[in-house]
Amino acid sequence: MRLGEIVTAGILALFSIYLMVESAKLDVGYISGEGPGGGAWPFWLSAIMLVCTGFIAFNWYRKTSPPSRSEDPVLDEFGVKNLILVGGGLLGFIALIDVISMYGAMALFLIYYVRFLGRHSWWLTLALAIGLPIAFFFFFEGLMRITMPKGLDFTEPFYNVLYDIIY
Amino acid sequence: MEILGLLGDGMALSLQPLNILLIMVGVTLGLFIGAMPGLGSVNGVAILLPVTFLVPPGSAIIFLAAIYYGAMYGGAISSITLGIPGASTAVATTFDGRPLALKGRASLALVTAAIASFIGGTVANILFTMFAPLLASVALSFGPPEIFALMLLAFATFVGLGGDDIPKTIFSICIGLVFAAVGFDQISGAPRLVFFDISGFLHGINFLVLAIGVYGIGEMLWTLDTTRGKITSTETKMSVKGIVDDSKEGMKRGWKGTTIGSFLGFFVGILPAAGATPGSLMSYGVAKMVAKNPKEFGQGHPGGVAAPEAANNSASTGAMLPMLTLGIPGSPTTAILLGGMVIWGLTPGPRLFVDQSEFVWGLIGSFYVSNFFALVINLAFIPLFIWMLRMPFTILAPLIFVLSVVGGFAATRDMHDVWLMLGFGLGAFFLRKFDYPLAPAVLAIVLGPIAEPTLRQSLLLSSGDPMIFLNRPIAGPITIIAIILILLPVLNWARGKMRKTAT
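Those sequence lines, one after another, are chains B and S. Here the first sequence stands for residues 1 to 167, where the numbers follow the numbering used here. Here the second sequence stands for residues 1001 to 1503, where the numbers follow the numbering used here.
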């Protein structure tokens, strides 16, 4: 954790500098008759962020914050595995939305999580993976009139059937 | 006395069978729309506006007001049970509602939220009935310097009383404010902070994308990591006696928060451009400030649920006030209601109370009736929400992830935001590991779009002189309190040092 804390502070300091550079593309000073320039607000806030990372580093050096005294790893073996399995599953879910539609990706993600990570029965898994996307479809598309991504063209015939029910 | 007569007539109107039915349907719909992450009262009211053309205008606005009320109650439900704010107005409810649910006290949190909402709504209704025209004129005297001073106070409460690492808290506030500035500069119209020229940043970063990323995805990853996937937040059992006991406990420990939320929320709600979200966040901050032991806030204190919930209901009634009396909406939802009224041929403004008194009092009467039904319907649904929590975590977790992704998309209808949300979730997971408080960032992204323009307008008014925040009668005292709060940690540190040297 001790190494992690200072690395994080360093990354955040670099990010603050990046934000300052980006903000400085607009005026960061006071323009007479117009008030503060468009970049002033984010620029000075990013400058405060940079100063804060300096203080965080100073506290790290003095070992006053709990992570700076901790010898534990940031992620242990379980943590790494958990992050890869769950975070990776989510990544796959979001990546698949533009391919097999929001509802299709949702169904696959539920099968993956409930069956393979949760080790629940196939019955429960399929009930959730089929029931939930259908319920969401009628709630969002039917009641709330919010259109979710439908993925590539091959999903069209399937959605035409569902839309016929709503309209 | 005349007011009571008019209110009586109004209530009689809202108690007609058609109106009662509309109120019940509206409140129930609102409850579920509010509970759905990514959807808030504004979506519900906007989508159901056309439906109301089927009934007379008086009944139509009663229906919409009932949805508005229901959504205010509903926002708390997902904040407490799932840890994802159902709407921006319920962000502050997660701070203590979620820890209570994790301790197995979800019913206490839900009951406290329902009762506080009811009291907040009732106090607001009474204030509304008695002081509508007077309060509208006071709210109008709040110019940009006063509103900016209020925003400063909201941030200062986090720094002075947060109890977290100070540089990390300030960092969190600033990053939230900078994220709020992404998109177009509101004043010059120039594109700003469009990272790597990705066009998705042009429409800015919606606060829900950050809030769902932090509370939905980041929080879930963190919970799975710290509990080794063996989380237990099961409630033992639900009984009528349990609900009665929880009500008593919620009232006993949450009365202060409820009182603060009811009054402060109402006033912030009246302010143009403020509304229920800043009202609830500020009430949370103030309730924490005046609490006997502010450290308990954030760990699961009923007061931390009561204050924002009383405030968001109170503010939603408050926001109706400038809309009806002056024709200025105090929140996005009231802006849509205003649009509806214009379509129905009613002109909001000072003449409305005279020309359309039956309509106005019918609406005010319906606030009382809706508030009552919202409480009853909400309490009736609590066992269902608790049941959801009893689900095994390996089912609840994927449901929360699915709701987060769908909610993140529904908020802006842009896949760019769903990716951004995942990025925020992963970032939040790591930052949380290093003790960075994230609630201030969420607060800041909500208040940023109010804070920046008011600061710039104020400095323009004063030709760049920051003394404008100190030498105005209302802004001055607020700014001074904010500065004291920001300096509080430094003062405490100096006092500790002096004591050490003395001994």
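Idealized CB from N, CA, C, for every residue including glycine. Given the structure is predicted, the values throughout are model-derived calculations rather than measurements.
Note to self: According to DSSP, simplified to helix, strand and coil, what is G1083 (chain S)?
What the structure shows: coil
Next item on the list: Can you tell me which of the three DSSP states F1195 (chain S) falls into?
Entry: helix
Check: Where L1447 (chain S) and F1430 (chain S) are concerned, what is the direct C-alpha to C-alpha distance, given to the nearest angstrom?
Finding: 24 Å
Check: Residues of chain S with a CB under 9 Å from the CB of V21 (chain B): which are they?
Finding: Those do not exist, as V21 (chain B) stays about 10 Å from chain S at its closest Cβ, beyond 9 Å.
Checklist line | Assigned exposure category for S1199 (chain S) - 16 Cβ within 10 Å defines buried | finding: exposed
Next item on the list: Sort B:F154, B:G142, B:D72, B:G151 by Cα distance to L162 (chain B) and report the nearest one.
Entry: B:G142
Checklist line | Within-8 Å CB hit, I1187 (chain S) to chain B | finding: yes
Notebook entry, point to check: Which residue comes first and which comes last in the alpha helix (DSSP H) that contains A1046 (chain S)?
Noted result: 1041 to 1048
Check: So, are the CB atoms of I1205 (chain S) and S1404 (chain S) less than 8 Å apart?
Finding: no
Checklist line | For V28 (chain B) and A1092 (chain S), the rounded distance between their alpha carbons | finding: 33 Å
Note to self: Judging by CA-CA distance, which residue of S:S1107, S:W1222, S:G1120 is the nearest neighbour of S1316 (chain S)?
What the structure shows: S:G1120
Next item on the list: Measure the alpha-carbon distance for T147 (chain B) versus W1493 (chain S) and round it to whole angstroms.
Entry: 54 Å
Next item on the list: Please report the residue range of the alpha helix (DSSP H) in which E1002 (chain S) lies.
Entry: 1002 to 1014
Check: Counting contacts by CB-CB distance shorter than 8 Å, is W1419 (chain S) in contact with chain B?
Finding: yes
Next item on the list: Between the Cα of L1013 (chain S) and those of S:S1366, S:F1179, S:I1480, spot the shortest distance and give me the residue it belongs to.
Entry: S:S1366
Item checked: Residues near G1030 (chain S) in its chain [Cβ-Cβ closer than 7 Å; skip 5 each side] -> S1041, G1044, A1066, I1067, Y1068, Y1069, G1070, A1071, G1074
Check: Can you tell me the Cα-Cα spacing of M1320 (chain S) and A1335 (chain S), whole angstroms?
Finding: 9 Å
Notebook entry, point to check: Which ranges would you report for the alpha helix (DSSP H) in the segment 1248 to 1324 of chain S if only whole runs of at least 4 residues count?
Noted result: 1276 to 1290, 1302 to 1318
Checklist line | Those residues which DSSP pairs with Y113 (chain B) across a bridge | finding: Answer is none; Y113 (chain B) lacks a bridge partner.
Notebook entry, point to check: If you draw a straight line from the C-alpha of L1193 (chain S) to the C-alpha of A1154 (chain S), how long is it?
Noted result: 25 Å
Next item on the list: Say whether the segment 1107 to 1116 of chain S touches the segment 1390 to 1404 of chain S, bearing in mind that this needs 3 or more beta-carbon pairs closer than 8 Å, one atom from each stretch.
Entry: no
Next item on the list: Using three-state DSSP, classify G1464 (chain S) as helix, strand or coil.
Entry: coil
Note to self: Counting only C-beta atoms, is E71 (chain B) closer than 8 Å to chain S at any point?
What the structure shows: no
Checklist line | Uninterrupted beta strand (DSSP E) stretches inside the segment 1059 to 1105 of chain S (no shorter than 3 residues) | finding: none
Item checked: Host alpha helix (DSSP H) of S16 (chain B) (start-end) -> 2 to 23
Note to self: To the nearest angstrom, how far is the alpha carbon of F1263 (chain S) from that of T1129 (chain S)?
What the structure shows: 14 Å
Margin query: Looking at the strands, I want to know which residues DSSP matches up with F1184 (chain S).
Written below: S:P1191
Check: Going by DSSP, what residues sit across from I31 (chain B) in a beta bridge?
Finding: B:G35
Note to self: Can you pull the chain S neighbours of L126 (chain B), defined as C-beta to C-beta under 7 Å?
What the structure shows: Under the 7 Å cutoff, chain S gives no residues; its nearest Cβ is about 13 Å from L126 (chain B).
Check: Comparing the C-beta of N1043 (chain S) with each C-beta of chain B, is any distance below 8 Å?
Finding: yes
Notebook entry, point to check: Nearest CA to the CA of S966 (chain S): which residue from B:Y18, B:A40, B:I17?
Noted result: Since the first residue of chain S shown is 1001 and the last is 1503, residue 966 (chain S) is not available in this structure.
Note to self: Under 9 Å, CB to CB, which of the residues in the segment 4 to 35 of chain B have a partner in chain S?
What the structure shows: G4, E5, T8, A9, L12, F15, S16, Y18, L19, E22, S23, K25, L26, D27, Y30, S32, G33, E34, G35
Notebook entry, point to check: Using CA coordinates, which residue listed in S:K1500, S:P1398, S:L1102 is at the minimum distance from R119 (chain B)?
Noted result: S:P1398
Notebook entry, point to check: For chain B, is any of its Cβ atoms less than 8 Å away from the one on K1500 (chain S)?
Noted result: no
Notebook entry, point to check: What are the start and end residues of the alpha helix (DSSP H) that includes V1051 (chain S)?
Noted result: Neither: V1051 (chain S) is in no alpha helix (DSSP H) and is coded neither H nor E.
Next item on the list: Note down the Cα distance separating I1033 (chain S) from T1089 (chain S), rounded to an integer number of angstroms.
Entry: 13 Å
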